[in-house]
Structure formats: C-alpha cells, structure tokens
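A.B. asks:
Numbering (my numbering), first residue to last: 356 to 477.
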C-alpha cells in the first residue's frame with residue numbers, strides 16, 4: 356500500500372470533531388495545535404519509513420479553524436485513512452498520535468445513530 360501525508364484539512368476535520376464546538380476557543384487552540392503537530396509528525400515519520408527518506412518539506416500542521424464539523428461516520432473514515440497512512444512504524448499503536456485517534460474514534464462511535472439505544476449485552 357502506498358503512503359501519503361494527509362492534508363492539513365484532513366487533520367483539522369479529525370480534530371474539529373474530536374474537540375467539539377469549543378475547539379476554536381482561545382483556551383483550546385494550544386491543545387489543538389499540539390495535537391495537530393503530533394498527528395502530522397507521526398504521519399510524516401510513517402511516510403519516511405515507508406519510502407526510506409526524509410521528507411524535507413515537513414512543516415507543522417496549519418489548523419483550519421473554519422472547518423465545519425463532519426459526521427461521526429465521516430470522521431471514522433478520516434481516522435481509518437489517517438491510520439492507514441501512519442502505521443508503517445511498529446510503534447504507532449503506542450504513540451501519542453494513536454492515543455489521539457483512539458479518543459476521537461471513541462467519541463465518533465458514541466455519536467453514531469442508535470448507539471445509545473443499542474443493548475450493552477445480549
């Protein structure tokens with residue numbers, strides 16, 4: 356499988372969903388930017404490992420604070436794409452980026468239509 360470096364908009368959409376409505380508040384911007392840079396760094400590292408090179412154009416992610424919130428299903432697809440392009444390193448699943456993805460995924464799953472009404476066990 357080929358590996359790409361996902362766009363700033365891709366990462367922004369993931370984080371927009373993960374941080375919710377207050378994501379653009381001044382108090383959250385540092386946290387959002389830090390998370391964006393962690394995600395970008397892991398994705399770029401995966402790209403470099405896959406293609407055995409240094410991606411010299413690495414720059415911090417530019418967060419798009421005008422990004423509209425996407426649906427839970429859409430963010431799950433964005434997360435799958437991100438992980439598919441960031442897991443070339445054997446340590447990905449223990450990384451801060453993977454932790455952020457898990458946090459957003461959990462929120463998205465709980466936001467799926469019918470999730471709250473579904474039985475916990477059968």
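Glycine included, C-beta positions come from ideal geometry on N, C-alpha and C.
Is the segment 373-385 in contact with the segment 468-477, if contact means three or more CB pairs nearer than 8 Å?
C.D. replies: No: fewer than three Cβ pairs fall under 8 Å.
A.B. asks: Given a threshold of 16 other Cβ atoms within 10 Å of its Cβ, counted over all protein chains shown, does residue 406 qualify as buried or as exposed?
C.D. replies: Under this definition residue 406 is an exposed residue.
A.B. asks: Going by CA-CA distance only, name the one from 422, 476, 450 that's closest to residue 376.
C.D. replies: Minimum Cα distance to residue 376 is reached at 422.
A.B. asks: Is the CB-CB distance between residue 441 and residue 403 below 8 Å?
C.D. replies: Their beta carbons are not under 8 Å apart, which means residue 441 does not touch residue 403 by this criterion.
A.B. asks: Whole angstroms are fine: how far does the CA of residue 427 sit from the CA of residue 393?
C.D. replies: Approximately 22 Å, taken between the alpha carbons.
A.B. asks: Would you call residue 437 buried or exposed, if buried means 16 or more other Cβ atoms sit within 10 Å of its Cβ?
C.D. replies: Flag for residue 437 reads buried.
A.B. asks: For residue 431, does the three-state DSSP call read helix, strand or coil?
C.D. replies: Of the three classes helix, strand and coil, the one that applies to residue 431 here is helix, per DSSP.
A.B. asks: So residue 432 packs on residue 373, CB below 8 Å; how close in whole Å?
C.D. replies: Incorrect: roughly 14 Å between the Cβ atoms, too far for contact.
A.B. asks: What is the residue span of the alpha helix (DSSP H) that residue 402 lies within?
C.D. replies: Counting along the chain, the alpha helix (DSSP H) containing residue 402 begins and ends at 381-406.
A.B. asks: Going by beta carbon distance, what residues of the same chain come within less than 8 Å of residue 448, once the five residues before and after it are set aside?
C.D. replies: Around residue 448: 442.
A.B. asks: So, with DSSP's three-state summary, where would you put residue 369?
C.D. replies: Three-state DSSP puts residue 369 in a helix.
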